[in-house]
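J.: Dropping the structure in here first, questions after.
Numbering (the working numbering), first residue to last: -6 to 134.
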């Protein structure tokens, strides 16, 4: 089942290149909508964002390039997310997100070719403190 590579030169050129920052001003309405979406009414989330909130702060400068890279693979799945916390993200913070593609892996399976794209992101607040570090695995198939 040896198929040609789906790892394009466009993707290879992105490896270990830090992109961003994408800047997000954290306001009450943004956190409130996120809390409603995850159905968590904990009053703590009025001033502090819940732990999964960084998922809403998309590193668009990288993600758009990954998802729009030329490929015969058309379906996309978020395969895994891992977050490491250092400081809470609070209402009023300004979060800058930088991200990079760290690894590409192509695999063949019974359903055909699958491409795993591994990324890392850093979420830094307005004080220069790293609030969160994240790792994601995106899967194109």
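Note that CB positions come from ideal geometry on N, CA and C, so glycine has one too.
Between the region 79 to 99 and the region 112 to 129, are three or more C-beta pairs nearer than 8 Å?
T.: yes
J.: Applying the 10 Å Cβ sphere with the 16-neighbour rule, what's the burial state of residue -6?
T.: With a pLDDT of 49 at residue -6, under the threshold of 50, the predicted position of this residue should be treated as unreliable, and no value is reported.
J.: Taking residue 2 as the reference, give the member of 134, 115, 118 and 97 with the closest Cα.
T.: 97
J.: Output the distance between the C-alpha atoms of residue 93 and residue 32, rounded to the nearest integer angstrom.
T.: 31 Å
J.: Going by DSSP, which residues form a beta bridge with residue 102?
T.: 105
J.: Please list the terminal residues of the continuous alpha helix (DSSP H) segment that includes residue 59.
T.: 53 to 61
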